[in-house]
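Colleague:
Residue numbers (the UniProt record's numbering): 1 to 259.
1. What ranges does the alpha helix (DSSP H) occupy inside the UniProt domain "Helicase C-terminal" (1 to 111), keeping only unbroken runs of at least 4 residues that lie completely in it?
2. Output the distance between the C-alpha atoms of residue 27 and residue 50, rounded to the nearest integer angstrom.
3. Considering only the beta carbon of each residue, do residue 83 and residue 72 sit closer than 8 Å?
4. Express the C-alpha separation of residue 227 and residue 233 in angstroms, rounding to a whole number.
5. Give me, in chain order, the residues of the same chain whose beta-carbon lies closer than 7 Å to that of residue 132; leave out the 5 immediate sequence neighbours on both sides.
6. Is the beta carbon of residue 29 sitting closer than 8 Å to the one on residue 44?
7. Quick check on the DSSP output: what are the complete alpha helix (DSSP H) runs of length 4 or more inside the stretch 163 to 216, in order along the chain?
8. Just tell me which of 87, 42, 36 has its CA closest to the CA of residue 62.
9. Leaving out five residues before and five after residue 110 in sequence, what residues of the same chain have Cβ atoms less than 7 Å from its Cβ?
10. Say whether the stretch 217 to 224 touches the stretch 140 to 151, bearing in mind that this needs 3 or more beta-carbon pairs closer than 8 Å, one atom from each stretch.
11. With DSSP collapsed to three states, give me the class of residue 230.
12. Thinking just about the alpha-carbon of each residue, which of 151, 129, 152 is nearest to the one in residue 141?
13. Along the alpha helix (DSSP H) that carries residue 250, what are the first and last residues, could you check?
14. Please classify residue 257: is it buried, with 16 or more other beta-carbons within 10 angstroms of its beta-carbon, or exposed?
The structure is reproduced here in structure tokens:
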């Protein structure tokens, strides 16, 4: 992949420059090459978000506007519909971007978002903890943070109509929020005993951060309780990299250069 992107970026004057590249919808993310100026889209993608992302790969050079040519199939209902309202759709297509489906308070949603939410509520809801170094103030204000538990539990129980299911969700959310607050207190206590200040995120100075991103390599060096305080900074950075190993039919590994 890296070699393919390098070749695409070569200017026309270079010997190995690429004139035409055939691509799938995978180019909708991560292809930032200013040289690309012309794209032919064959058929209307299934989602507007995908269409916007893919076609924005061209025309990134301020001095050289890009051109996108969309080729639609009259025999496909979706293509025909987009053709009939082509101008209107392109003038307003951002309102057609599909919402991402997320189940509130599901186990995986809690894994991804609960720590950041708990810290945000504590920091914004209690003036003593608002400052960058306010993360260590939990040692003095832990009882005052019970409102964080109550707020999240009250919000969670509104998601379910069945009383038994709602009670189970209440119990699960309460337990996880209390665990986060208790672990936060232990982290602050450990740093305090070592003479180290605790801040919310990594900034200048010798204070240690409470929050880490999901892909932060420093997390591997930290005790398990620190790993509970992971918070997203971008929706693109929620999963670690995954290696893909390719084997031939005779079970031999395929090298990166394809040999």
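From the three backbone atoms N, C-alpha and C, an ideal C-beta is built for every residue, glycine too.
These figures come from a predicted structure and were not determined experimentally.
Modeller: Put simply:
1. 2 to 9, 48 to 55, 77 to 84, 86 to 91
2. For the purposes of this step, residue 27 is identified with residue 27 of the chain shown, where counting begins at 1. For the purposes of this step, residue 50 is identified with residue 50 of the chain shown, where counting begins at 1. Using only the alpha carbons, I get a separation of about 10 Å.
3. The residue given as residue 83 occupies position 83 in the chain shown. The residue given as residue 72 occupies position 72 in the chain shown. Yes, the Cβ-Cβ distance between residue 83 and residue 72 is below 8 Å.
4. Numbered from 1 along the chain shown, position 233 holds the residue referred to as residue 233. Numbered from 1 along the chain shown, position 227 holds the residue referred to as residue 227. The straight-line gap from Cα to Cα measures roughly 16 Å.
5. Stepping through the chain shown from its first residue, residue 132 is reached at position 132. So the list reads 199, 200, 203, once near-sequence residues are dropped.
6. Position 29 of the chain shown, counted from the first residue, corresponds to residue 29. Position 44 of the chain shown, counted from the first residue, corresponds to residue 44. Taking C-beta atoms as the reference points, residue 29 and residue 44 fail to come closer than 8 Å.
7. Scanning the stretch 163 to 216 from its first residue to its last, the whole alpha helix (DSSP H) runs of 4-plus residues come out as 163 to 193.
8. Taking the chain shown and counting its residues from 1, one reaches residue 62 at position 62. The shortest Cα separation from residue 62 among 87, 42, 36 belongs to 36.
9. Numbered from its first residue, the chain shown carries residue 110 at position 110. Excluding residues within five positions, the ones whose Cβ falls inside 7 Å are 176.
10. no
11. Counting from one through the chain shown, the residue named residue 230 turns up at place 230. DSSP places residue 230 in strand when its eight states are reduced to three.
12. The count along the chain shown starts at 1 and reaches residue 141 at position 141. It is 129 whose Cα lies nearest to the Cα of residue 141.
13. Start at 1 with the first residue of the chain shown, and residue 250 comes out as number 250. Counting along the chain, residue 250 falls outside any alpha helix (DSSP H), and DSSP gives it neither H nor E.
14. What you label residue 257 is simply residue 257 of the chain shown in a count that begins at 1. With a pLDDT of 49 at residue 257, under the threshold of 50, the modelled position of that residue is not reliable, and no figure is offered here.
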